[in-house]
Structures are given as C-alpha cells and as structure tokens.
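Written below as structure tokens is the structure these notes are about.
This is how it looks when you write it as structure tokens:
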C-alpha cells in the first residue's frame with residue numbers, strides 16, 4: 090500500500106497539488122489522477138490541523154445547507170459546521186487569490202479523517218476551475234475521433250445512458266460520467282475528465298476540443314435541433330454558481346457566453362437506442378465520418 094504526504098494530480102490540463110501533515114492512503118479519485126510531471130501546480134492545497142477554533146467574521150455572506158461562507162481579508166472561507174469537533178475546531182477551506190489554499194481539520198479528529206480522506210466536496214472546486222478559465226458542467230463526456238461530445242441535462246435525463254451507448258456502438262471512450270470539466274484554451278473550448286464523477290467513478294485526465302453539447306430530453310422518437318441563445322439558461326443551470334459573489338457571477342457568465350459562441354449546442358430528444366447515437370454522431374461529424 091502506497092502512502093502519500095505531498096502529491097499532485099492532473100486533469101484537463103490543470104495540475105492541483107496537496108500537502109498533508111502525514112502520509113495517508115489516497116482515495117481512488119486521486120490515485121487515478123496522480124502525476125509525476127515536473128512543474129509547479131496551478132493550484133495548491135495545504136492541510137492544517139486546528140487545536141483551537143478559527144476566528145471568523147461575525148456573520149456569513151451566504152449559507153448552503155450546513156455550510157457557512159465568509160468573506161475574509163485572505164479569501165473565501167467555507168466552514169462545514171457538522172464536521173468539526175466538540176471543542177469548536179472546524180473543517181473548513183480557505184480559498185485564496187494567490188492560488189495557495191488551506192484545508193483545515195480538527196487535530197482531535199484527524200486520525201478519523203486521514204483514514205477516510207475525501208476532500209473533493211470541500212475544496213471549492215468551482216472556484217479552482219474558474220481560476221483556470223474552466224467550469225464543471227453536470228454532464229457525461231465521451232472521446233470520439235479526437236473530440237469530446239457532452240451530454241447534459243437534469244438528473245434522469247439519460248446522460249450516462251447516452252455515453253454508454255456511444256461506447257457500445259461507436260467504441261467511444263467515456264472520460265466522465267457525471268461532471269465534465271470545460272476549459273477555455275486560447276479561443277477553443279476543451280472537455281475533459283476530473284476528480285468529480287458522481288457514481289460513475291470514472292476518473293480520467295484526458296481532454297480534447299469539444300465537438301458539441303447535447304441537451305437531453307427523453308422522447309418516443311429521435312430528433313435533434315440546434316439551439317441558439319436559448320441554450321444559455323438550461324446549460325447555466327447545470328453548473329455551480331457562487332451567486333453571492335458578483336465577481337464570480339460576471340466571470341462565469343462571460344465564460345458561458347464565449348462557450349456558446351464557439352461550441353454548437355443541440356436539443357436531442359431521444360430514445361436509448363443506436364438510432365439516437367447515429368443521429369447525434371452524424372449531426373456532429375457528418376454521415377461519411379464512420
């Protein structure tokens with residue numbers, strides 16, 4: 090069993106480093122994305138152990154479930170209240186503009202957290218990605234003919250089903266089953282894997298230019314229609330927006346606008362069958378591209 094204290098993962102061209110108080114066994118999502126490539130990480134997270142509670146501002150700017158969010162002079166502080174210890178020491182993430190962020194855990198409970206270390210939901214991934222001109226779209230993604238194809242929509246729309254159909258009928262590679270990283274590189278948008286994959290547990294580092302995005306609707310017959318500006322609202326609803334931060338809202342809105350200018354988006358009303366696959370494939374790649 091390999092143990093790691095400092096390590097770097099890479100996905101969609103983004104390198105994220107971690108520094109821990111002691112070596113631990115890594116969860117699957119990190120093991121699959123480990124990289125030994127030389128160079129500094131784009132973003133860095135240091136784990137610090139608390140023996141006394143963090144001082145916090147008097148009132149949060151936003152609450153979401155059991156998470157309270159504070160604006161501090163060092164950055165955005167997310168405190169996950171139920172995860173702390175009886176002395177008031179918190180589990181928290183301080184996301185800093187300089188790219189060096191801090192994960193806090195109570196020292197009294199570190200033995201427990203080190204055994205079951207899961208931090209993907211703690212690290213403010215939406216901010217990490219936006220700092221790299223990227224966002225996380227609720228979608229599955231396949232790699233086909235050197236391009237990525239994304240299937241998006243609300244839960245139950247059939248995202249993972251369509252990705253599996255592309256794998257079965259076309260030999261496409263599924264690079265994410267639930268949350269696709271969309272990243273702007275120069276003036277092109279790429280789709281790729283990440284450490285967030287929902288129940289699919291598909292952790293891939295690959296990324297490629299996006300051929301198109303399908304917004305899915307289950308229907309008794311297969312049909313497809315290209316969308317214009319009306320694609321913004323349904324796509325925007327499938328990402329995480331820090332609505333309490335106007336700078337975040339402006340940046341992610343601009344990123345979505347540029348995405349729609351560069352990447353075709355289609356409404357795909359479909360069944361779960363090979364005919365739907367062929368309709369979508371021909372729409373993006375042409376009938377002669379088999």
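Residue numbers (my numbering): 90 to 379.
All residues carry an ideal CB built from backbone N, CA and C; glycine is no exception.
Burial state of residue 193 is buried, judged by a 10 Å Cβ sphere holding 16 or more other Cβ atoms. According to the DSSP secondary-structure assignment, residue 280 is paired through a beta bridge with 271 and 297. If you draw a straight line from the Cα of residue 229 to the Cα of residue 363, it is about 17 Å long.
Around the C-beta of residue 187, fewer than 16 other C-beta atoms lie within 10 Å, and the residue is accordingly described as exposed. Taking residue 174 as the centre and dropping the five residues before and after it, the same chain places the C-beta of 195, 197 and 198 closer than 8 Å to its C-beta, in chain order. Here residue 106 is buried: its Cβ has 16 or more other Cβ atoms, across all protein chains shown, within 10 Å.
Here residue 310 has 358 and 360 as same chain residues with Cβ atoms under 8 Å from its own Cβ, once five neighbours each way along the sequence are excluded.
Annotation for residue 290: no beta strand (DSSP E) segment contains it, and DSSP assigns it neither H nor E. Classified as buried, residue 221 has 16 or more neighbouring CB atoms from the shown chains inside 10 Å of its CB. Take residue 177, set aside five residues on each side of it, and the residues of its chain with a beta-carbon closer than 7 Å to its own are 142, in chain order. In the DSSP assignment, residue 252 falls within the alpha helix (DSSP H) that extends over 248-259. The continuous stretches of beta strand (DSSP E) do not include residue 143, and DSSP gives it neither H nor E. Contact annotation: residue 291 and residue 266 have beta-carbon atoms nearer than 8 Å. Here residue 160 carries a strand assignment [DSSP, helix/strand/coil]. Where residue 180 is concerned, there is no enclosing beta strand (DSSP E), because DSSP gives it neither an H nor an E. Within the model, the alpha-carbon separation for residue 312 versus residue 368 is close to 8 Å.
Following the DSSP letters along the chain, one finds residue 363 inside the alpha helix (DSSP H) bounded by residues 363-374.
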